[in-house]
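Right under this line is the structure:
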């Protein structure tokens with residue numbers, strides 16, 4: 004797994020019928036054991052046979068087939084089928100104790116930046132390709148389209164419902180501490 008504090012790990016924890024436990028713990032007979040591996044090394048770790056499966060994030064979701072791996076489950080498709088909502092993967096958060104005008108200004112700046120990137124997609128992709136890990140431009144474009152889109156600009160009510168449900172279910176299963184009221188800055 005790419006980390007315990009990722010939304011992908013939380014989604015996997017909700018998906019599995021049994022708990023996830025670190026591979027070096029002795030307890031958890033009816034559990035899935037995991038190892039934390041940097042996200043860009045997960046596919047190689049699986050290919051070397053060090054682990055049976057990997058939780059892929061980022062471009063690994065698109066490129067795993069290119070190296071001979073196959074998907075066991077698609078957590079986004081599972082969440083959509085179960086709840087009829089998009090799976091919330093990563094969000095921007097800001098401290099509640101900051102003044103409202105500061106939170107709103109931060110939200111406006113982030114939204115403007117995202118809109119600029121969407122309106123100048125080709126140039127934004129050219130810039131992003133500097134940081135791509137051996138990714139073809141077509142794959143990068145597809146990847147960006149998965150995560151930088153209308154939902155990124157405005158969650159809308161379905162997106163907000165999905166986040167609330169995601170965290171509520173995780174809280175009910177004891178996977179996260181109580182989160183309290185979730186506020187969205189528009």
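Numbering (this note's numbering), first residue to last: 4 to 189. Glycine residues also receive a C-beta, built at the ideal position from the N, C-alpha and C atoms. These numbers come from a predicted model, not from an experiment.
(Q) Closest to residue 87 by C-alpha separation, out of 165, 66, 5, would be which residue? (A) 165
Q | Beta-carbon contacts of residue 89 that lie in its chain and below 8 angstroms, excluding the five residues immediately before and after | A | 79, 82, 83, 154, 161, 162, 165
Q) Of the choices 137, 10, 188, 167, whose alpha-carbon is the least far from that of residue 110? A) 188
Q: Could you say which of 75, 69, 106 lies nearest to residue 57 if we only look at CA atoms?
A: 75
Q: Enumerate in chain order the residues of its own chain whose CB-to-CB distance from residue 107 is below 7 angstroms, with the five nearest sequence positions on each side excluded.
A: 188
Q | Contacting residues, own chain, Cβ-Cβ under 8 angstroms from residue 128 (five flanking each side not counted) | A | 140, 143, 144, 147
(Q) Measuring only the C-alpha atoms, how far is residue 115 from residue 43? (A) 29 angstroms
Q) Going by Cα to Cα distance, which pick from 152, 70, 23 is closest to residue 119? A) 152
Q: Would you decide whether residue 25 is buried or exposed? Buried here means 16 or more other CB atoms lie within 10 Å of its CB.
A: exposed
(Q) Can you tell me whether residue 50 is helix, strand or coil according to DSSP? (A) helix
Q. Nearest-angstrom Cα distance between residue 150 and residue 182?
A. 25 angstroms
Q) If you draw a straight line from the C-alpha of residue 64 to the C-alpha of residue 185, how long is it? A) 29 angstroms
Q. Among 50, 47, 17, 41, which one has its Cα closest to the Cα of residue 35?
A. 17
Q. Using the beta-carbon count (16 or more within 10 Å), is residue 41 buried or exposed?
A. exposed
Q.
Here's the rule: buried if 16 or more other CB atoms are within 10 angstroms of the residue's CB, otherwise exposed. What is residue 132?
A. exposed
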